[in-house]
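Engineer:
In the numbering used here, the protein residues as written are 7 to 273.
1) Counting along the chain, where does the beta strand (DSSP E) carrying residue 87 start and finish?
2) With distances taken from CA atoms, which of 21, 11, 13 and 15 is nearest residue 186?
3) Mind listing, in chain order, the continuous beta strand (DSSP E) runs of no fewer than 3 residues lying wholly within the region 93-135?
4) Tell whether a beta-carbon distance below 9 Å holds between residue 221 and residue 40.
5) Output the distance between the C-alpha atoms of residue 236 and residue 197, rounded to the nearest integer angstrom.
6) How big is the Cα-Cα spacing for residue 1 and residue 26?
7) Taking the Cβ atom as the reference point for each residue, do residue 289 and residue 224 lie within a distance shorter than 9 Å?
8) Run through DSSP, which three-state label would residue 36 get?
9) For residue 242, which beta-bridge partners are listed by DSSP?
10) Unbroken beta strand (DSSP E) runs of length 3 or more, entirely within the region 165-194: which are they?
11) Am I right that residue 170 and residue 217 are in contact with their C-beta atoms under 8 Å? What's the rounded C-beta distance?
12) Measuring CA to CA, which of 90, 69 and 156 is closest to residue 4?
13) Does residue 43 come out as helix, strand or coil in the three-state DSSP assignment?
14) Go through its chain and collect everything with a Cβ distance to residue 144's Cβ below 7 Å, but skip five positions before and after it.
15) With 16 other CB atoms within 10 Å as the buried threshold, where does residue 205 fall?
16) Do three or more CB pairs link the region 67-87 to the region 102-113 at distances below 8 Å?
Here it is as structure tokens:
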């Protein structure tokens, strides 16, 4: 089999972090014996195109589009982020952020203003926000600004004052705080949504079972690999955990609740 593709665009917070992911995947390749080639798929290239490739070995996929079955993907494993709020589990949340020097100190102070969103198939940037707002009975915002597509553009919109609040994947936010602390310091977390299943590393549906299992074993054991230890530490990871498609099914139900509550968030 020719080399399979690896990609970490969802969490390639900076070029240096992208290189850390590439190095970690190279270590997985060595441990598993599966030939992986890291490829860039930078914005504005659609993630849909990446997830539709037939040669994916390891690529981050958002949980909601994975749960819809719209893409030919199979789960390999999910990262376990460091930090007390994750409890050693493969989960994450959405941090709703505003400007650190802005007037709002609580999410309620942004109601009636402008809220940003990324893309309609995003869990952290769209559905988690709608579900949370519906659950707390939040009133409407004057304007929903999007699609902003990427966390970077959400940050830009917040700092430029084009939106009062916007969603950041909590693990992306963690990596930003670690690797771009000056930028992260310009943001204030106004609220955080409940934890949901972490975006997963997925392979194309047509990849042989034996190949996927080798990749999975390498990821699940990489926290015991001495060479990978500094990479995991720099990426704020404890390791990886097994996941299955059924783990992501609740995301579909949550999205339906957002629909029912009228939180379409279309501009």
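Here a beta-carbon is modelled for each residue, glycine too, at the ideal position from N, C-alpha and C.
Structural biologist: Put simply:
1) Along the chain shown, read from residue 1 onward, the residue named residue 87 stands at position 81. Unbroken beta strand (DSSP E) run through residue 87: 79-87.
2) Counted from its first residue, the chain shown places residue 186 at position 180. For the residues 21, 11, 13 and 15, the minimum Cα distance to residue 186 belongs to 21.
3) 100-105 and 120-122
4) Here residue 221 refers to the residue found at position 215 when the chain shown is read from its first residue. Here residue 40 refers to the residue found at position 34 when the chain shown is read from its first residue. Yes, these two residues count as a Cβ contact at 9 Å.
5) The sequence position of residue 236 within the chain shown is 230, counting from 1. The sequence position of residue 197 within the chain shown is 191, counting from 1. Taking the straight line joining both Cα atoms gives about 31 Å.
6) The requested residue 1 is not part of the displayed model; the chain covers only 7 to 273.
7) Here the chain covers residues 7 to 273 and nothing more, so residue 289 does not appear.
8) As a first step, residue 36 must be located in the chain shown, where it is residue number 30. Correct three-state label for residue 36: helix.
9) Translated into positions along the chain shown, residue 242 becomes position 236. DSSP output for residue 242 lists no bridge partner at all.
10) 172-175
11) On the chain shown, position 164 is the one that residue 170 refers to. On the chain shown, position 211 is the one that residue 217 refers to. Going by Cβ atoms, the distance from residue 170 to residue 217 rounds to 47 Å, so no, they are not a contact pair.
12) Any answer about residue 4 is impossible in this case: the structure gives the chain only from 7 up to 273.
13) The count along the chain shown starts at 1 and reaches residue 43 at position 37. Residue state, collapsed to three classes: strand.
14) Within the chain shown, the letter at position 138 stands for residue 144. If we look at residue 144 and ignore the five residues flanking it on each side, its Cβ neighbours are 117.
15) Position 199 of the chain shown, counted from the start, is the residue given in the question as residue 205. Flag for residue 205 reads buried.
16) no
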